[in-house]
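Residue numbers (the UniProt record's numbering): 1 to 385. The structure appears below as C-alpha cells.
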Amino acid sequence: MIPLSVPNLKGNELKYVTEAIEAEWISTGGSFIDKFETDIANYLKVSKAVACQSGTAGLHLALHLAGVGNGNEVIVPTLTFIAAVNPTKYVGAEPIFMDCDHTLNLDVNKLEEFCQTECKLTSHGLVNKRTDKVIKALVIVHVFGNMANMEKIMEIAAKFNLTVIEDATEALGTYCKSGKFKGKYAGTIGDFGVYSFNGNKIITSGGGGMLIAKDNPLAEKAKYLSTQAKDDQLYYIHNEIGYNYRMTNLQAAIGVAQLEQLENFITIKKTNYHYYLEKLSDIRGLTLLEFNKETRPNYWFYSLSINKKLFGLDRVQVLSKLNEHGIQTRPIWGLIHEQKPYLQNQTYKIENAPMLISEILNIPCSSNLELEEVNSVIDLLTKMK
Ligand SMILES: *Cc1c(COP(=O)(O)O)cnc(C)c1O
C-alpha cells in the first residue's frame, strides 16, 4: 500500500513529546507552545504567530478579527477544501463563490471583473448589487502549495476595500522568488495568514494551526480570543466571548520537531516531483501540473491531469486501477458551491473549476516516499495505457 500523504515522524518528535510529558505540561500551556510560535514566526519572518487547535479555528478567528459578521459576505474559491469556506458561516456571513484558473488558484481576472461589474464601492465598503450586502473579505487559498497571484490580489483588495485572509494551510514554506513580494512567504502578504498542521499537511502536529496577522494587536487579540477571552486570570473576568482554540503543549512538541525538518521535507518532495515530471512526460495524455515559476513552492501535493482522449482512460478509471494496486490516489475535492449547505449561495462565472476537477488526480507525495514506490506508480501508469 502506497499512501497519498502521511506523516513523517523520524526527527525529534518522540523526544520532545517525552519532555512535555516528563514536565507534566500537556495541555494548553507550556514551553513548546511558546517555542513553536516563535519558531514559526522566525521561519516566516514575521513578529508574531498564534498557535491554534486547527487551521479551521485559525480561519474562524481571522474572519472574526477582520470584522466579518452577520449580514456580511465573503468572496471565496469554489475549488478548495470546505474548511476554507465553513468559517464564513460560523461568523454569520455568506460566501460568494469564484472560479479558479488553470493553476487551480483563484481566477484573479474574474475576481476583478466581479468587483467591478457586480458590486459598487460605497462609504460602507464594497456592496454586492444583487444582495445589497457588504462584502468584507476575500479568502485566498494557495492550492496544493502553489502560490496564488498575490500581487494582483492585493491590488484588487486595496482598490475594493477588502480584507485579505490567506488560507496558507497547504502552503507552509512556499515563498515568492521575484516581484513585489520577493522573499515573502505564502500567508504573510495579506492581512491574515493561516497554517494547518493536520496529519496530511507538509508538517503535522497531529492537529493544529497557526494564525498570523499583519497588525500586531490583532495577533494579540487572536491569542486572547483563543484562550476564552480571560481578562483577569485570577478572578476570571471575561469582557468578550472567547473560544477554546488554543493548541496543546503535546501538539506543539510534535510541531517543533516537524518544523526542524520542513526544509528537508520540501527538498524530498521537490526531488520526487521532478522525478515524476520527467518520467510522466513520456506518457501521452498525462500531465503533471506545474507550480508557479516565480515562487519556491513547498511541493505539497502533486496534481496529475488526465486527458481521456489521448490517454484512453478517464480519471475514474485511472483512480480505480491505481487503488486496486494499493496506490492511494484521490480526486480533487468536490466543488464547494455544489455542496448541500451552499447550493443557494451566489456564484460568479464558474467555468474552469468543473472542467479541471474532472481531469485531475492527486498521486502519492509523502516526504517518506521511497524511490521504488515512485517507480511503481510510474510503472503502473505506463502499463495502463
Ligand atoms: C487542511 C485545510 C484546512 C483546515 O485545516 P485544519 O487544520 O484541518 O482545520 C483549511 N483549508 C484548506 C484549504 C485545507 O487544505
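For each residue, glycine too, the CB sits at the ideal point set by N, CA and C.
Taking only the alpha-carbon atoms, compute the straight-line gap between residue i and residue j and give it to the nearest angstrom.
| i | j | result |
| --- | --- | --- |
| residue 224 | residue 209 | 16 Å |
| residue 146 | residue 306 | 20 Å |
| residue 148 | residue 95 | 19 Å |
| residue 260 | residue 253 | 11 Å |
| residue 287 | residue 280 | 7 Å |
| residue 298 | residue 234 | 44 Å |
| residue 190 | residue 6 | 29 Å |
| residue 162 | residue 215 | 15 Å |
| residue 255 | residue 121 | 43 Å |
| residue 346 | residue 169 | 25 Å |
| residue 93 | residue 67 | 11 Å |
| residue 392 | residue 275 | Only positions 1 to 385 of the chain appear in this structure, which leaves residue 392 out of reach. |
| residue 325 | residue 188 | 41 Å |
| residue 268 | residue 230 | 43 Å |
| residue 4 | residue 335 | 20 Å |
| residue 157 | residue 179 | 18 Å |
| residue 205 | residue 212 | 17 Å |
For ligand 1, I want to know if residue i counts as a neighbour, meaning its beta carbon is within less than 7 Å of at least one of the ligand's heavy atoms.
| i | result |
| --- | --- |
| residue 244 | no |
| residue 320 | no |
| residue 84 | yes |
| residue 316 | no |
| residue 91 | no |
| residue 97 | no |
| residue 6 | no |
| residue 215 | no |
| residue 209 | yes |
| residue 50 | no |
Can you give me the start and stop residues for the alpha helix (DSSP H) that residue i sits inside?
| i | result |
| --- | --- |
| residue 276 | 262-280 |
| residue 147 | From DSSP, residue 147 is part of no alpha helix (DSSP H); its letter is neither H nor E. |
| residue 357 | 352-357 |
| residue 115 | 108-118 |
| residue 136 | Looking at the DSSP string, residue 136 is not in any alpha helix (DSSP H); the run it does join, the beta strand (DSSP E), is 134-141. |
| residue 294 | Unbroken run through residue 294: none, as it is neither H nor E. |
Between which two residues does the beta strand (DSSP E) containing residue i stretch?
| i | result |
| --- | --- |
| residue 34 | From DSSP, residue 34 is part of no beta strand (DSSP E) but of the alpha helix (DSSP H) over 31-44. |
| residue 384 | Where residue 384 is concerned, there is no enclosing beta strand (DSSP E), although the alpha helix (DSSP H) it sits in stretches over 371-384. |
| residue 287 | 286-288 |
Validate contact between the stretch 344-360 and the stretch 69-83 using beta carbons, cut 8 Å, 3 pairs:
yes
Tell me whether the stretch 146-154 and the stretch 122-133 touch, counting them as touching only if at least three CB pairs, one residue from each stretch, are closer than 8 Å.
Short answer: they don't touch.
Taking 8 Å as the cut-off, does the stretch 85-100 touch the stretch 239-259 (at least 3 CB pairs, one atom from each stretch)?
no
Does the pairing of the stretch 193-203 with the stretch 43-61 give three or more beta-carbon distances under 8 Å?
yes
Specify whether the stretch 173-186 and the stretch 314-321 touch according to this definition: at least 3 beta carbon pairs, one from each stretch, less than 8 Å apart.
No: the two stretches stay apart, fewer than three of their Cβ pairs being nearer than 8 Å.
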